[in-house]
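Engineer: Sending over a structure as C-alpha cells; questions will come in a sec.
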Amino acid sequence: MASPSCSATDLAPLLTAAANATAVANYLCTQFDAISKKFSDTTYAIDNTYLLFSAYLVFAMQLGFAMLCAGSVRAKNTMNIMLTNVLDAAAGGLSYYLFGFAFAFGAPSNGFIGRHFFGLRDYPSPSGDYSFFLYQWAFAIAAAGITSGSIAERTQFVAYLIYSSFLTGFVYPIVSHWVWSADGWASPTRTHGDVLFGSGVIDFAGSGVVHMVGGIAGLWGAFIEGPRIGRFDRTGRVVALKGHSASLVVLGSFLLWFGWYGFNPGSFLTIVKGYGNNKGDYYGQWSAIGRTAVTTTLAGCTAALTTLFSKRLLVGHWNVTDVCNGLLGGFAAITSGCSVVEPWAAIVCGFIAAWVLIGLNKLAVKVKYDDPLEAAQLHGGCGAWGVLFTGLFAKGEYVHEIYGIGRPYGLLMGGGGKLFAAQVVEVLVVCVWVTVTMAPLFYGLNKMKLLRISRDDETAGMDLTRHGGFAYAYNDEDDDESIRKLGFMMGRIEPAGSVTPSAAGHDSQMPTTAPPV
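Heads up: the sequence shown begins at -12 in our numbering, then just goes up one per residue.
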C-alpha cells in the first residue's frame, strides 16, 4: 500500500467549485482511511513483536531449567538430565504442533477440548498469529520441564519421551483450554455459555495451568518410581544426596528469573491498548504490564529472603540452594494473580509461599518422598497457594480493567466469595485431571519396566551407563565402590611434578597423579 500523502496541488483543483465538494470529501476520506490502516498495521506489528519477544524470554527459561537441574543432581547424571531438558523442548515442539495447540485453542469448540488447528491447519486466523502459537508452545514445554526434575537420576530415557509427548500434547493443553480459551468452561473470558460463578478462574499466567500440572505430574512419577538408591538408609533416616554444583543452581535460577518477565508480563499478549479511564492517557495496558513485572519481582524476592532466614533458624546455616528454591516458589505462586494484585499483596504471597515450600519439604521427608529438585513441592504446592491467593487478594479495579466491569474480585478485598470459589474449583479439578491421566501412564510404564533404570545403572550413574561417558571430570561425595571397579572413577588430576601431602613428609618426591581419564 502506498504511503498516504496530501499536498496543496492535490487539493487545489478540487476546491475551485462547490460542485467538487463530494470529490473533496472522497479524497479526504481516502487519505484518512490510509492513515487508519497504517496505524492498525503498526499496532499489530508492535503487539506481535511484543509477544514474540515474550516467547523468546519464556523459551530461555529452558536454559534456566537445564542449569538448575544439572546443578541439583549428582555429577554422574549431568549429561542425562541435560539431555532430558533438550528432549522436553524437542518432543514437546512436535506434539504441541500436531495436537496440543489444537486441543488448547482450536476454536470454535466446546468447553472441554479444542477441535481445530491440528498441525496449524487454517492458521493464522482472526483469533491469533504464529507468535501466539510460539508463546503457548514455550509454556507447554515449561510444564514438561518441571516434571523432569521430580524423576531425575533414576528414569529411563524412553519414559521421558513418552511422558513428555503425552503431557505437552494432551494433558496440559486440556487444562489450558479450560482456563485460557474463549470456549473453556472455567475461562473468565468465555464467550458462549455461563461463566463459572459469574467470575471464571483468574489464573493469569499459569500457577495452576502450568505449575500445578507439571508439579502434580512429577509427584506421581516420583511416587511410583520410589526414592533414589541411598536417599533413605535402612533405618529410615534421611541421607542428603546433594547436587554437585551450587554455581549451576544459581545460574539457572537467575535465568529463570529473567525468563519470568516474559512468562508473567507477556501473558497480556498485547501492549498497545488504552484503558480509557480517568487516570489519563499515560495509563494503559503498558502500565499494567509494568505493574505485573513489579509484583513478580517482589513475590520472588520476599520468598527468597523468607527462606534464607527461616532455614538459618531451622538448620543453622545459610544455604544458597534453598534460597534459590524459595525464590522460584515465590515466582510460581504470584504467577496466577500477578496482573490483578497490588505490589504489597505480592509480598504477602511470597512470604507465605516460602513457608508452603518449607512445610511441604518437611512432609516429603516424613513420608519418604524423594524429589531431587523439590519440583512437586515448589511448583505444585506453591502453585496451588498462588491460585488461592488470587481469590483472596485480587483488586477490583485491576480485575475490571483486564476482564471487564462488574466481575467478582478478591474475598479479602471486599469482592465476595465467587472468585475464591472458582479458584478452589481450579485447584481441585487440576489435581484430579493430572492424577487420572499421568498416574496411570507412570504406573503402566513401571509395570512394563520402562520407567526406572536398573540398580547397577543407577549406582554407577546414567552418564556412564546410558550416555557413553561423564560430562566432565568430577568427584562426587558419595561415589560408590562399584564405579571404581569399573575403572572409570574420576579423580583430581594434579599438575606434573606436584607433591601430594602424603609424600611431602618423606624423602621420596615422586609425583602422584590420578589415573588418566
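Beta carbons: idealized from backbone N, C-alpha and C, even for Gly.
Near Tyr390, which residues of its chain fall below 6 Å by C-beta distance, leaving aside the five closest residues on each side in sequence?
Structural biologist: Along the sequence shown, read from residue 1 onward, the residue named residue 390 stands at position 403. So the qualifying residues of the chain are Pro175.
Engineer: Quick check on the burial criterion: 16 or more other C-beta atoms within 10 angstroms. Buried or exposed for Asn13?
Structural biologist: For this step, residue 13 is matched to residue 26 along the sequence shown. It counts as exposed.
Engineer: Going by CA-CA distance only, name the one from Leu437, Ser186 and Asp443 that's closest to Ile149.
Structural biologist: What you label residue 149 is simply residue 162 of the sequence shown in a count that begins at 1. Measuring from the Cα of Ile149, the nearest candidate turns out to be Leu437.
Engineer: Give the DSSP bridge partners of Arg439, in chain order.
Structural biologist: Your numbering for residue 439 matches position 452 in the sequence shown. In the DSSP output, where bridge partners are listed per residue, Arg439 has Thr142.
Engineer: Ser234: which of Ala32, Phe457 and Ala62 sits nearest, CA to CA?
Structural biologist: Sequence index remark: in the sequence shown, residue 234 carries index 247 (1-based). Closest by alpha carbon: Ala62.
Engineer: Does Leu432 pass the burial test, meaning 16 or more other C-beta atoms within 10 Å, or should it be called exposed?
Structural biologist: In the sequence shown, residue 432 corresponds to position 445, counting from 1. Its Cβ being crowded by 16 or more others within 10 Å, Leu432 is buried.
Engineer: On a CA-only basis, which of Ser163, Met199, Phe407 and Gly51 is nearest Tyr83? Give me that one, please.
Structural biologist: In the sequence shown, counting from the first residue as 1, residue 83 sits at position 96. Checking every option, the nearest Cα to that of Tyr83 belongs to Ser163.
Engineer: If you reduce the DSSP assignment to three classes, tell me which class Thr499 lands in.
Structural biologist: By one-based count along the sequence shown, residue 499 stands at place 512. Reliability of the predicted coordinates at Thr499 is poor, the pLDDT of 41 falling under 50, and the value obtained from them is presented with this limitation in mind. Thr499 falls in the coil class under three-state DSSP.
Engineer: With distances taken Cα to Cα, identify the nearest neighbour of Gly230 among Thr30, Phe26 and Ala57.
Structural biologist: Working through the sequence shown from its first residue, we reach residue 230 at position 243. Measuring from the Cα of Gly230, the nearest candidate turns out to be Ala57.
Engineer: Looking at C-alpha atoms only, which residue of His454, Gly132, Gly253 and Met425 is the closest neighbour of Tyr122?
Structural biologist: Taking the first residue of the sequence shown as 1, we reach residue 122 at position 135. Comparing Cα-Cα distances from Tyr122 to each of His454, Gly132, Gly253 and Met425, the minimum goes to Gly253.
Engineer: Find out if the Cβ-Cβ distance for the pair Ser114, Gly205 is shorter than 7 Å.
Structural biologist: Sequence index remark: in the sequence shown, residue 114 carries index 127 (1-based). Sequence index remark: in the sequence shown, residue 205 carries index 218 (1-based). Cβ distance not < 7 Å, so Ser114 and Gly205 don't count as in contact.
Engineer: Kindly list the residues whose CB is nearer than 7 Å to the CB of Ala169, restricted to its own chain and excluding five residues on each side of it in sequence; keep chain order.
Structural biologist: Residue mapping note: residue 169 aligns to position 182 of the sequence shown, counting from 1. Contacts found: Ala94, Thr176, Arg177 and Thr178.
Engineer: Apply the 10 Å Cβ neighbour rule to His304 and answer buried if 16 or more other Cβ atoms are within range, or exposed otherwise.
Structural biologist: Here residue 304 corresponds to residue number 317 of the sequence shown, with the count starting at 1. Under this definition His304 is an exposed residue.
Engineer: Tell whether a beta-carbon distance below 7 Å holds between Phe241 and Gly287.
Structural biologist: The count along the sequence shown starts at 1 and reaches residue 241 at position 254. The count along the sequence shown starts at 1 and reaches residue 287 at position 300. No. Outside cutoff.
Engineer: Give me, in chain order, the residues of the same chain whose beta-carbon lies closer than 8 Å to that of Val225; leave out the 5 immediate sequence neighbours on both sides.
Structural biologist: Position 238 of the sequence shown holds residue 225. The answer, listed in chain order, is Arg218, Phe219 and Val352.
Engineer: So the alpha helix (DSSP H) Ala458 belongs to, where does it begin and stop?
Structural biologist: As a position in the sequence shown, residue 458 is number 471, starting the count at 1. Segment: none, Ala458 is in no alpha helix (DSSP H) and carries neither H nor E.
Engineer: Going by CA-CA distance only, name the one from Ala139, Phe105 and Gly79 that's closest to Thr65.
Structural biologist: Your numbering for residue 65 matches position 78 in the sequence shown. Nearest of Ala139, Phe105 and Gly79 to Thr65, Cα basis: Ala139.
Engineer: Please go through the same chain and pick out, in chain order, the residues whose beta-carbon is closer than 7 Å to the beta-carbon of Gly383, but skip the five residues on each side of it.
Structural biologist: For the purposes of this step, residue 383 is identified with residue 396 of the sequence shown, where counting begins at 1. For Gly383, where only same-chain residues beyond five positions count, the Cβ hits under 7 Å are Tyr396, Met400 and Gly402.
Engineer: Determine the DSSP secondary structure at Val225, reduced to helix, strand or coil.
Structural biologist: Looking up residue 225 in the sequence shown gives position 238. Here Val225 sits in strand by DSSP.
Engineer: Where do the ends of the alpha helix (DSSP H) carrying Phe99 lie?
Structural biologist: In the sequence shown, residue 99 corresponds to position 112, counting from 1. That residue, Phe99, is in no alpha helix (DSSP H); it is neither H nor E in DSSP.
Engineer: Please list the terminal residues of the continuous alpha helix (DSSP H) segment that includes Pro330.
Structural biologist: As a position in the sequence shown, residue 330 is number 343, starting the count at 1. Start and end: Pro330 to Lys353.
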